[in-house]
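Positions 784 to 975 (the numbering used here) are the ones given, in order, by the sequence shown.
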Amino acid sequence: MITNIARGVQAFTSNAFLVEGDRTVLVDAGANFDAVAEIRERTDDLDAVVLTHTHPDHVGNLDAVKDACDVSAWGFDADQPGVDEPIADEGTVRIGDHGYVALHTPGHKNDHLCFYSAGASVLFAGDLVFQNGGFGRTDLEEGDRRQLIASIDRLEDRIDERLEEMYVGHGPTVTTDPYHDVELAARAARMG
């Protein structure tokens with residue numbers, strides 16, 4: 784079961800997905816809301832936090848969640864504040880009931896990861912791509928449009944056209960032909 788615990792929050796935050804299963808994991812912690820209360824409403828057994836990247840809107844609640852739930856945070860760069868354990872490019876991470884491959888996808892931020900499970904037919908895309916061909920900003924520090932395009936291309940090559948669900952850092956989850964949204968993002972990023 785995947786729940787966006789930031790759903791309905793009016794403050795500036797990323798989505799934060801609680802994935803329940805064999806290994807209950809929070810994908811991104813969000814910011815500016817009581818993530819601990821939202822987690823505790825659903826489970827007493829959080830095993831880890833996995834980060835798509837370390838922009839403040841994705842990690843603002845991280846310390847509170849780590850302290851309250853006594854868990855570690857996993858991300859691409861263990862030198863980033865709050866990241867306890869590194870996840871290597873092409874490494875496998877257990878999220879819920881499935882193994883997800885971590886894909887290093889810089890361009891929005893240097894430490895950006897996407898997580899893809901062919902078995903679950905699920906992609907956690909972070910801020911790389913969004914619904915309707917949206918794509919991550921490149922005007923922030925560490926942003927690089929050419930890198931972003933290369934990362935979207937890598938993602939498009941890696942995911943399956945039958946992808947069923949794409950969970951994004953901002954906006955709604957894509958459950959109708961998410962592969963098409965990734966294709967649109969690849970084209971749109973080249974036009975901007």
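For glycine and all other residues, C-beta sits at the position ideal for the given N, C-alpha and C.
Here the structure is a predicted model, which is why all the values come from computation and not from measurement.
Does the beta-carbon distance from residue i to residue j come in below 9 Å?
{"i": "residue 909", "j": "residue 895", "result": "yes"}
{"i": "residue 848", "j": "residue 859", "result": "no"}
{"i": "residue 935", "j": "residue 969", "result": "yes"}
{"i": "residue 788", "j": "residue 822", "result": "yes"}
{"i": "residue 810", "j": "residue 844", "result": "no"}
{"i": "residue 857", "j": "residue 869", "result": "yes"}
{"i": "residue 906", "j": "residue 961", "result": "yes"}
Which residues mark the beginning and the end of the alpha helix (DSSP H) in which residue i is found?
{"i": "residue 976", "result": "No answer is possible for residue 976: the residues shown for the chain start at 784 and end at 975."}
{"i": "residue 938", "result": "928–941"}
{"i": "residue 821", "result": "818–825"}
{"i": "residue 848", "result": "845–852"}
{"i": "residue 842", "result": "839–842"}
{"i": "residue 965", "result": "961–974"}
How big is the Cα-Cα spacing for residue i and residue j?
{"i": "residue 914", "j": "residue 957", "result": "6 Å"}
{"i": "residue 965", "j": "residue 854", "result": "32 Å"}
{"i": "residue 938", "j": "residue 802", "result": "22 Å"}
{"i": "residue 945", "j": "residue 929", "result": "27 Å"}
{"i": "residue 834", "j": "residue 893", "result": "13 Å"}
{"i": "residue 852", "j": "residue 829", "result": "6 Å"}
{"i": "residue 795", "j": "residue 943", "result": "32 Å"}
{"i": "residue 953", "j": "residue 920", "result": "12 Å"}
{"i": "residue 792", "j": "residue 933", "result": "32 Å"}
{"i": "residue 825", "j": "residue 806", "result": "14 Å"}
{"i": "residue 971", "j": "residue 922", "result": "16 Å"}
The beta strand (DSSP E) with residue i in it runs from where to where?
{"i": "residue 908", "result": "905–909"}
{"i": "residue 877", "result": "875–878"}
{"i": "residue 949", "result": "948–951"}
{"i": "residue 912", "result": "Taken as a continuous stretch (DSSP letters only), residue 912 belongs to no beta strand (DSSP E), as it is neither H nor E."}
{"i": "residue 923", "result": "Taken as a continuous stretch (DSSP letters only), residue 923 belongs to no beta strand (DSSP E), as it is neither H nor E."}
{"i": "residue 856", "result": "856–858"}
{"i": "residue 831", "result": "831–833"}
{"i": "residue 810", "result": "808–810"}
With distance defined between alpha-carbon atoms, name the residue in the options nearest to residue i.
{"i": "residue 831", "options": "804, 824, 963 and 840", "result": "804"}
{"i": "residue 949", "options": "793, 872 and 917", "result": "917"}
{"i": "residue 973", "options": "961, 809, 951 and 931", "result": "931"}
{"i": "residue 878", "options": "898, 869 and 868", "result": "898"}
{"i": "residue 940", "options": "827, 799, 850 and 963", "result": "963"}
{"i": "residue 841", "options": "799, 884 and 864", "result": "799"}
{"i": "residue 880", "options": "871, 790 and 903", "result": "903"}
{"i": "residue 790", "options": "951, 967 and 829", "result": "951"}
{"i": "residue 924", "options": "861, 953 and 837", "result": "837"}
{"i": "residue 872", "options": "947, 955 and 885", "result": "885"}
{"i": "residue 882", "options": "808, 922 and 947", "result": "808"}
{"i": "residue 864", "options": "846, 850 and 797", "result": "846"}
Flag residue i as yes when its Cβ comes closer than 8 Å to any non-hydrogen atom of the ligand MN, and as no otherwise.
{"i": "residue 948", "result": "Absence of the ligand MN from the depicted structure is noted, as is the absence of any ligand whatsoever, leaving it without description."}
Any beta carbon from chain B within less than 9 Å of residue i's own beta carbon?
{"i": "residue 916", "result": "Absence of chain B from the displayed structure is noted, only one protein chain being present."}
I'd like to know if the segment 884–891 and the segment 806–826 are in contact, where contact means that at least 3 CB-CB pairs between them fall below 8 Å. No: the two stretches stay apart, fewer than three of their Cβ pairs being nearer than 8 Å.
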